[in-house]
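Heads up: the protein sequence lines correspond to chains A and B, in order. Per UniProt numbering, the very first residue in the first sequence carries number 1; after that it's consecutive. Per UniProt numbering, the very first residue in the second sequence carries number 1; after that it's consecutive.
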Amino acid sequence: MIKIENLSKRFQTEEVETTALNQINLEIKEGEFVAIMGPSGCGKSSLLNILGMLDSPTSGDYYFNDQEVGNQKESQRNAIRKGNINFVFQSFNLIDELNVFRNVELPLTYLNIGKSDRKARVLEVLDRMKIGHRKHHYPQQLSGGQQQRVAIARAVSAKPKLLLADEPTGNLDSKTGLEVMNLLSELNSEGMTIVMVTHSERDAEFAHRVIRLFDGEVMTEKTAKEFATINY
Amino acid sequence: MILNQIIKNKKWYGINTLGIGLAFAVVLIIFTHAQKELSYDRFHSNADNIYRINIEDQQSEGRPPVSGIEGNLIVPLYDKFPQIKEVVRLIHPENTIITAEKNNFSNNQLFFTNKQFFEVFDFKLIKGNRESLFNKPNQVVISKKIALAYFGTEEALGKEIKIAVQYIYAKSGSYTVAGVMENFPDNSHFNAELLFSINNNEDINEYHTFAYLLLEKESNLTSLKKLINAHWKKNTKEGEPEPISQLMPLRDIHLYSHNTDEMDVNGSMSSLIILIVGALIVFLIAFINFTNLNYVQFITDLKDFKIHMINGASYSDLSRIIITRSLIPISFAILLGGLIAYNFDALSGSAFQLNISVFNTLWIALVFYLVFALSSLLPLVTTKVSKDLARSPYQGSKKFVASLLFQFMLSIAAIITTIVLHKQIDLVNDLHPGNEKSSIVIMPDVPYHMIQKYEILKESCLKHPEIRNISAAFYKPGLNMPYSYPIEMEGIDKSVEKKLNMFSIEADFFKLFNIKPLAGSLDMGITSSMSWENIAIKISKYNPNSDQVLEKLEQYNKEHPDFQENYILNKSALKVLGIKNPQDAIGKSFQFNFMAPKLFKKGQVIGVIDDLHYGDMFSIEKPMVLAAKKMFNSTFIAKIDPNRKAEALQVLTKEWHTLAPDHPIKYEFVDDLYEQIYFNQYKEMRALTLFSILSIILSILGMFALSSFSIQHKTKEIGIRKANGSTSLEILMLLIREYTQWVVVAFLIACPIAYYIARDWLRNFAYRIELSWWIFAISGVLALIIAILTVSWQTWKAATQNPVEALKYE
């Protein structure tokens with residue numbers, strides 16, 4: 001599903017050039033659950049942004065479903081992303097002015113889905129995330145765990161093929177975090193490809209494969225089992 | 001959701017609604033006004049080929065031409081020049097009393113005209129036959145308004161109208177109503193309510209006439225002017241000035257004619273330009289505020305936009321969101337602005353007499369929607385939304401420097417020019433005679449039979465304590481009589497002819513206007529009686545040089561032995577005569593030749609006054625000789641108790657009515673009279689004041705919003721600075737400096753701009769204020785104070801915050 005070849009990302013400021021990603025090669029198959037780990041500033045988020053087509057690489061190729069997308073125009077990348085990829089963030093990134101229902105409905109409104117279909121899909125996904133009773137509430141009226149469940153509901157309401165999660169449990173207590181990881185795991189078992197950036201060793205255990213980044217380069221790639229035996 | 005948006009961003013919505021609303025009101029008002037001003041006289045199908053023939057004023061340099069011309073100059077225009085198709089003459093007698101159905105009416109919108117009027121002009125006739133109008137003598141065409149006033153609902157056609165009292169045009173008599181015309185439209189440079197017939201052969205040549213020429217298409221104006229001037233020159237008597245013609249296109253009269261004796265108060269192109277530029281400035285400032293605030297808002301919402309994009313929104317989806325959101329303040333603004341514009345006349349005391357059309361409102365609203373809605377997309381176009389969610393492109397106040405500079409530059413220039421205009425109008429008012437101008441009442445164009453009863457009126461009025469003083473003069477304040485006449489004075493070289501302007505006054509004139517002599521006295525002593533004046537003028541006018549007449553005049557003088565002519569000169573007259581010390585003029589014998597040789601007896605100069613500034617200030621003071629000649633004093637002046645104006649006016653009206661029951665009294669206050677003279681200047685001053693206030697308010701709002709945004713983003717910096725030992729005051733100064741430095745730069749740019757505008761405007765006047773440095777300094781300080789107050793309001797809160805609170809932010 002995802003194939004990255006010799007991909008680099010450099011940021012240019014007035015004085016210095018920073019290399020966030022350096023000649024990365026990577027492949028992710030459909031239905032995989034991959035965790036990306038590494039210290040702060042190692043390029044995890046840059047990689048996730050490129051995978052999510054929010055940013056373009058400085059050099060190298062990025063194939064999404066065999067189509068080169070890294071060097072496409074922004075509008076084309078937007079069109080490819082639409083309905084295929086969605087995100088879950090550490091800070092939830094819900095829209096404060098929209099209530100739970102409208103937040104979850106958001107991706108569907110950009111897919112030209114009819115109003116009644118939208119409603120049915122939103123209610124279904126809200127029920128699944130066990131947050132249906134809060135559909136008229138606004139984000140600031142919810143707890144962190146509830147907000148992240150809404151964020152996941154929104155991310156999956158359009159049934160994307162790829163879900164990118166950036167520290168999805170970073171702002172949650174361990175119990176709530178565990179619930180969220182179970183949810184992601186469940187989605188993955190239903191066929192959704194998930195790439196998750198995390199600092200948490202525990203969260204990484206949910207993944208099939210762990211990629212470690214250091215200074216913009218892939219250091220190790222291990223399956224979750226290998227990873228577990230090394231760490232414990 | 002929309003309501004949530006509004007509540008969350010009330011500052012943003014409020015400022016934009018107010019800003020765009022004011023801009024919409026201003027644009028709608030000024031556009032409607034400008035449209036009317038530019039439409040004057042264009043409704044005639046011949047408009048492009050109609051010209052009014054004016055005469056250049058050769059007697060005083062720099063003065064505008066005279067609109068009317070002497071009748072005898074018109075006669076050759078009828079048939080001598082093939083380019084001239086038709087000639088319309090309009091004689092405008094003032095102060096006419098009309099009798100219709102046994103009722104007397106005073107009407108000032110009355111003209112005598114020839115048959116060609118209806119061929120050249122398109123004024124609409126409702127009743128009567130256009131082709132046969134004025135084919136018979138003594139016909140009159142009246143307006144719908146007059147028909148209703150004089151005859152009510154009865155048929156006006158065929159009714160009789162009599163001219164009862166006439167001042168300058170002696171053709172009284174009975175006229176038959178031959179037509180009723182639609183009331184003249186507002187955008188006609190003159191308004192006639194009654195048109196009395198004259199025919200082209202009539203001997204009416206001594207009357208001041210407005211002459212309109214219908215020319216052949218594409219006539220060569222320069223050559224026509226040359227031909228007319230050559231013809232006039234040929235027929236000018238030796239020694240008299242040759243008249244020089246000026247052909248003014250009908251379309252230009254309203255905006256470009258500043259002639260001495262216009263038929264109505266005209267507009268002015270420079271006023272119109274000031275208004276349009278002012279409106280543009282207000283629009284620009286509102287637009288800048290909108291784009292700045294919009295940018296600020298965009299940055300605040302950038303995270304949300306990114307979320308939308310992540311969830312599949314395309315740029316066009318985001319554009320739709322942004323435009324929809326901008327429609328709210330624009331719609332509120334258009335409602336607010338429309339409300340202001342439609343009630344502007346009521347709010348401003350009918351400054352423009354606007355008639356705002358729905359069509360204009362709609363299309364200007366549409367333009368506003370388009371301009372502001374589209375400009376709300378600017379930040380989206382210039383920012384990469386989908387880039388890293390954590391990054392924000394905010395760059396401090398630097399991005400807004402240009403717009404802040406521009407706004408404050410405009411505001412400061414507006415303040416400076418506003419102060420200059422106010423100071424100049426003050427100067428003009430101070431220079432004109434009379435202390436409390438609002439308590440001096442002028443009764444202009446007094447009919448001859450009332451002039452004869454002046455003393456009786458004065459005596460009876462002064463019995464009432466509300467009337468403080470009564471006097472009379474040649475003409476009403478604000479007029480400048482262009483004609484000067486030869487004088488002879490003891491000690492002045494006779495070989496070079498010296499000419500002075502005559503101004504006749506009554507003895508109490510100086511006391512009433514509180515004028516003190518520079519030398520000598522202002523006591524006119526015994527003045528000539530009206531019967532003497534009448535005989536003098538009669539005798540000398542008809543047979544000026546016959547021995548018999550002179551003898552008779554001598555004899556008549558002997559019958560009035562006490563009477564001696566006293567003359568008073570103004571400072572400008574001394575200059576013309578080459579007298580440096582006013583005292584040197586006193587007691588010198590003086591002879592003045594005005595109208596008739598013996599009308600002014602030889603007398604002496606008894607006093608010298610400073611320049612009177614009785615006329616307008618557009619030209620320098622005329623050298624004047626003042627004398628008391630009762631028959632010329634057709635303007636009565638009353639000084640009344642300022643606290644009992646209503647009672648005083650009642651007294652004047654009552655006493656006048658006792659003496660002239662058939663002639664309604666007409667009066668104006670001196671301050672109003674001068675305001676009419678400076679109508680365009682007052683209009684410019686008021687408009688500029690309004691625009692200054694608006695541009696300052698809008699600039700303050702803009703700066704307020706920007707600084708609050710920037711301070712929000714500096715909360716952390718403030719905390720760090722305080723944690724490192726900075727005091728609140730130091731932080732306040734730091735934040736204030738960020739903005740005020742640009743106000744200083746704006747001031748430096750604004751000064752020369754304002755200087756040139758102000759200097760240009762002051763050129764209207766012959767007497768001008770100095771463009772002192774303090775006017776500029778005050779404006780700069782004012783802008784600086786405003787800027788500091790605006791910024792301090794929010795910075796103080798931020799600067800005094802507990803650093804721990806500040807550091808918690810983000």
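Glycine included, every Cβ here is placed at the ideal spot set by N, Cα and C. These numbers come from a predicted model, not from an experiment.
The contact set of B:I412 on chain A, defined by CB atoms closer than 9 Å, is empty, because the minimum CB distance reaches about 35 Å. Per DSSP, B:N54 is one residue of the beta strand (DSSP E) stretching across I50 to I55. In terms of Cα proximity to B:R763, the closest of B:F287, B:I749, B:V651 and B:I620 is B:I620. The Cβ of A:K44 sits no closer than 7 Å to any Cβ of chain B. Taking the Cβ atoms as the reference, B:L706 lies roughly 6 Å from B:N292, within the contact range of under 8 Å. Residues of chain A whose Cβ lies closer than 9 Å to the Cβ of B:N4 are, in chain order, D96, E97, L98 and Y138. Distance from the Cα of B:S376 is smallest, within the candidate group B:Y475, B:S779 and B:N294, for B:N294. In this structure, the beta-carbon distance from B:F669 to B:S438 falls below 7 Å. Secondary-structure assignment with DSSP links B:I749 through no beta bridge to anything. In this model, B:K36 and B:S357 are separated by some 11 Å (Cα to Cα).
Note: A:D61 is bridge-paired with A:E5 in the DSSP secondary-structure output.
A check of alpha carbon separations from A:S143 across A:G177, A:D127 and A:K159 identifies A:G177 as the nearest. In this structure, the CA atom of B:L782 is about 14 Å from the CA atom of B:L410.
In its chain, beyond the 5 residues on either side, N86, R154, S157 and A158 have a beta carbon closer than 7 Å to the beta carbon of A:P107. With fewer than three CB-CB distances shorter than 8 Å, the region 760–780 of chain B does not count as touching the region 434–453 of chain B.
B:S314 reaches chain A at S75, N78, A79, K82 and Y110, counting residues in chain order whose Cβ is nearer than 9 Å. In this structure, B:K630 lies away from B:M481, with their beta-carbon atoms at least 7 Å apart. Not flagged as an interface residue toward chain A: B:N294, since no C-beta distance is shorter than 7 Å. When Cβ-Cβ separations below 7 Å define contact, B:D304 makes contact with chain A. In the DSSP assignment, the residues bridged to B:Y485 are B:L500. Residues of chain B whose Cβ lies closer than 8 Å to the Cβ of A:L213 do not exist, since the nearest Cβ in that chain is about 17 Å away. Taken atom to atom, the span from the alpha-carbon of B:V428 to that of B:Y767 is near 8 Å. Within the region 79–153 of chain B, the alpha helix (DSSP H) runs of at least 4 residues that lie entirely inside it are, in chain order, 117–120 and 144–151. Residue-level contact check: B:D317 touches chain A, since one or more beta carbons of chain A fall below 7 Å from its beta carbon.
Scanning its chain for C-beta atoms nearer than 6 Å, with the 5 sequence neighbours on each side dropped, one finds around A:G145 the residues L172 and T176, in chain order.
Chain B has a Cβ within less than 7 Å of the Cβ of A:F87.
Within chain B, the residues N311 and G312 have their CB atoms less than 9 Å from the CB of A:A158, given in chain order.
Assignment of B:D41 by DSSP, reduced to helix, strand and coil, places it in the coil class.
Within the region 245–327 of chain B, the runs of alpha helix (DSSP H) that reach at least 4 residues and sit entirely inside it are, in chain order, 250–256, 269–300 and 302–310.
Taking B:I307 as reference, the option from A:G31, A:N182 and A:E97 with the minimal CA-CA separation is A:E97. For B:G173, the enclosing beta strand (DSSP E) begins and ends at G173 to M181. Here B:Y175 is buried. Its C-beta has 16 or more other C-beta atoms within 10 Å.
Under the Cβ distance rule, B:I307 counts among the residues neighbouring chain A, one pair being separated by less than 7 Å.
For B:M450, the enclosing alpha helix (DSSP H) starts and ends at Y448 to I451. Approximately 42 Å separates the beta-carbon atoms of B:E182 and B:K233; this is outside 8 Å, ruling out the contact. Contact with chain B is absent for A:N188, since none of that chain's Cβ atoms lies less than 7 Å from the residue's Cβ.
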